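**Q**
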Amino acid sequence: MEQSLRGETEPERTGADPAAGTETSDDPSTRSPGAATTDAPARTAPEGAPHDGTPPLPPRRVVHRIMVGLVLAMLTSMLTNSIVGTALPTIMGELGGQDRLAWVATAALLTMTASTPVWGKLSDIWGRKLLFQLALLVFIVASVAAGLAQDINWLIAARALQGLGVGGLATLPNIILGDVVTPRERGRYSGLIGMVFGVSTVLGPLVGGFLVDSPLGWRWCFLITVPLAVFAFVVIQFMFTMPFVPRRDAPVDWLGAGLVFGAASTVIVLLSLGGTQIPWNSSLSYALGAAAVLLTAAAVVVERRAREPIIPARLFGDRTFVLASLGSVCVGMMMFGLIIYTPQYLQMVHGMTPTVSGLMTLPLVASFLTTSIGSGYAVGGSGRWKAYPVVGMALCLVGFTALGQAHLDPGLTTVVAGQVMAGLGFGLCMQILLLATQSALPVSDMAAGTASVVFFRNLGGATGVAAFGAVMVGRLDSALAQASADARARAAADAGAGVDSGAAELSVGLADAAESAQGSPELVHSLPGPVRDVIVGAFDHAMQGVFLAGIPIAAIGLVTVVFMRGTPLRGGPRGGR
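The letter at position 52 of the sequence shown is residue 69 when you use the working numbering, and the numbering goes up by one with no holes.
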């Protein structure tokens, strides 16, 4: 098993930290779980420096090997979600259960987000390596089960289990990274984690489409990630060798974990299915909303009293954590909303194929990778980080403003420019906010704080997808209703004047195509010309509202990061190859 070591120096734990402007103590409660209680030399000491019981940080060559396992694990988990979206129509055609299609995606999102803080806290008690390998095992078993699914209920259950594993794989790499490098150096490696997100976003739809069309079939959309996950398991087994002392006296807050999981799950179900599978104005929606409030209130009460809370209440007394979490919610809402709805806009309004629309998101991904990696290296050199999320949120604001004008630009120049601006902004914000949180929190809260920020980002993603979806559906229905009313009025006027302008046929066609309007892009574009043009115009109007909805979210994010303290990251460059 592994030692859950932080990258901070021991002098920073035991005395004044001029860079941070705060006082720390040598109280055992502020040390890393399982760490030795004796003082250790500075963690910036060169490789092989003497110490008195606390293992030094591993040299860079070892960190690089560990990163191979972390990157592979994250790539496999993220690829799974992006691959499945392309394969869903084929999967549903073979397994049936079209009415439960939404649950194939929602089940994984639900368990992934809700389990995130639980993985972080358990790693404090049982060790990083054990929990990371457990997450990999859960993911491997679930992927095999999904690949062998014989009916839709089997697939939904496998996806829920898969999401549970992904929750660990999305959280623990950031925590492990905090164990093996100093906060300043983390920026260089966290850029690689951001790169994984971008690569999987591009590769997923392409690989999914290839597998579905190949003799291998859709089942390999799940099975293809298994060898990568197994290799990641082996790498971590042999490369992550720092000792860990289990905290056998530390109780696991299972009640708190259950309440946190239940509250998050209820919110995600309501946001994901509300307005589509579940009408907003329905008794089920009200019941889910009431359950979410009650479970959240119960979780707060239990967590405040628990000896080892899953999400410690004291975290919310830290200004950096609170503002970084709020900023991460905004980033999650904008990023996931843009990733989900931009391809739909390109397919519906501009008639692109799924593959071409996926390639059209390359400007978003390329700009995201550029600033994610670049800002990580810049922060690692100077330790100063605040300017990056401030500029990033401002770029997001500009990007969504540009996207909101896309309906005026049939050449798509505005769409590309908006994606570039937003991508640059996401890259400057996502990992930097996490680094700032890790550096600001005491050693004992690093894992819980990291997991909580990732949890809020994922919750923001679920919220953003639901909110943007509600805006799109509302504006689409309104535009179609107005178009139908106008067509009926013109048909009546034509009948009175004894002329035929085609309004009557359009009115009938729109009524017949009411359900097709929210179908697949292929179905929409196969409709008769006048009806198709009206529906495409309505989609254009609806997507304009989606893009404009990102503007206030970016503005809130900008205000949030402006008020963060720009305390430089702790630690500095160290020796070792």
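We treat Cβ as the ideally placed atom computed from N, Cα and C, and that holds for glycine. Being a predicted model, the structure only gives us computed values, none of them experimental.
Going along the chain, which unbroken runs of the alpha helix (DSSP H) with 4 or more residues stay wholly within the stretch 381–439?
**A** 404–420
**Q** Taking just the CA atoms, how far does ARG549 sit from ASP335?
**A** 54 Å
**Q** Which full runs of the alpha helix (DSSP H) of 4+ residues lie inside the stretch 325–373, going along the chain?
**A** 336–367
**Q** Would you grab the beta carbon distance between SER289 and THR123 for me? Rounded to a whole angstrom, and I think it's under 8 Å.
**A** 5 Å
**Q** Provide the residue span of the alpha helix (DSSP H) that contains PRO569, from first to last.
**A** Secondary structure note for PRO569: its alpha helix (DSSP H) is the uninterrupted segment 546–579.
**Q** Does the distance from the C-beta atom of GLY137 to that of THR199 stay below 8 Å?
**A** no
**Q** Under the DSSP definition of a beta bridge, which residues are partnered with GLY291?
**A** Beta-bridge partners assigned by DSSP to GLY291: ILE295.
**Q** For the alpha helix (DSSP H) containing MET256, name the first residue and the last one.
**A** Going by DSSP, MET256 is part of the alpha helix (DSSP H) stretching over 243–256.
**Q** Starting from TRP171, follow the alpha helix (DSSP H) in both directions and report where the run begins and ends.
**A** 169–197
**Q** Taking the alpha-carbon positions, what's the ALA484 to VAL460 distance?
**A** 36 Å
**Q** Distance check for GLN361 and VAL578, CA to CA, integer angstroms please.
**A** If you take the alpha carbons of VAL578 and GLN361, they lie about 31 Å apart.
**Q** Return yes when the Cβ of MET350 is within less than 8 Å of the Cβ of GLY195, no when it is not.
**A** no
**Q** Just to confirm the assignment, what range does the alpha helix (DSSP H) spanning ASP230 have?
**A** 200–230
**Q** What three-state label does DSSP hand PRO134 in the structure shown?
**A** helix
**Q** In terms of alpha-carbon separation, which member of ALA496, THR378, GLY409 lies closest to GLY221?
**A** THR378
**Q** Mark GLU111 as exposed unless 16 or more other C-beta atoms lie within 10 angstroms of its C-beta, in which case mark it buried.
**A** The residue in question, GLU111, is exposed, as its Cβ has fewer than 16 Cβ neighbours within 10 Å.
**Q** The alpha helix (DSSP H) spanning LEU154 covers which residue range?
**A** 145–164
**Q** Between the Cα of LEU240 and the Cα atoms of LEU147, ALA163, ALA496, which residue gives the shortest distance?
**A** ALA163
**Q** I'd like to know if the stretch 489–497 and the stretch 538–557 are in contact, where contact means that at least 3 CB-CB pairs between them fall below 8 Å.
**A** As far as the Cβ criterion goes, the stretch 489–497 touches the stretch 538–557, which means the pair count is three or higher.
**Q** For VAL310, report the span of its alpha helix (DSSP H) as first-last.
**A** 300–322
**Q** Spatial neighbours of LEU245 within its chain, please: CB distance less than 6 Å, with the 5 preceding and 5 following residues excluded, ordered by chain position.
**A** LEU89, THR93
**Q** Given this structure, state the Cα-to-Cα distance separating ALA566 from VAL415, to the nearest angstrom.
**A** 13 Å
**Q** Would you mind reading off the limits of the alpha helix (DSSP H) that contains LEU458?
**A** Run containing LEU458: none; DSSP gives neither H nor E here.
**Q** Put SER543 into one of helix, strand or coil per three-state DSSP.
**A** coil
**Q** If we count Cβ pairs, one from each stretch, closer than 8 Å, do we get three or more for the stretch 126–146 versus the stretch 276–296?
**A** yes
**Q** Where does TRP120 sit, in a helix, a strand or coil, going by DSSP?
**A** helix
**Q** Please work out which residues of its chain come closer than 6 Å, Cβ to Cβ, to ILE100, disregarding the five sequence neighbours upstream and downstream, and give them in chain order.
**A** GLY221, VAL224, GLY225, CYS238
**Q** Once the 5 residues before and after VAL229 are set aside, which same chain residues still bring their CB inside 6 Å of it?
**A** Exclusion of the five residues before and after VAL229 leaves ALA104, THR107, TRP235 as the residues of its chain whose Cβ lies within less than 6 Å of its Cβ.
**Q** Near TYR394, which residues of its chain fall below 6 Å by C-beta distance, leaving aside the five closest residues on each side in sequence?
**A** For TYR394, where only same-chain residues beyond five positions count, the Cβ hits under 6 Å are ARG205.
**Q** Is PRO585 helix, strand or coil by DSSP?
**A** coil
**Q** Checking 8 Å against the spacing of the C-beta atoms, do MET438 and MET489 come in under that value?
**A** no
**Q** ARG582 to GLN364, Cα distance in whole Å?
**A** 43 Å
**Q** Just verifying my parser: in three-state terms, what is the DSSP assignment at MET129?
**A** helix
**Q** Alpha carbons only, please: which of TRP402, LEU586, MET352 is nearest the one belonging to PHE385?
**A** MET352
**Q** Of the residues GLY477, PHE472, GLY478, VAL408, which one's Cα is nearest the Cα of LEU186?
**A** PHE472
**Q** Could you compute how far the alpha carbon of LEU376 sits from the alpha carbon of VAL219?
**A** 7 Å
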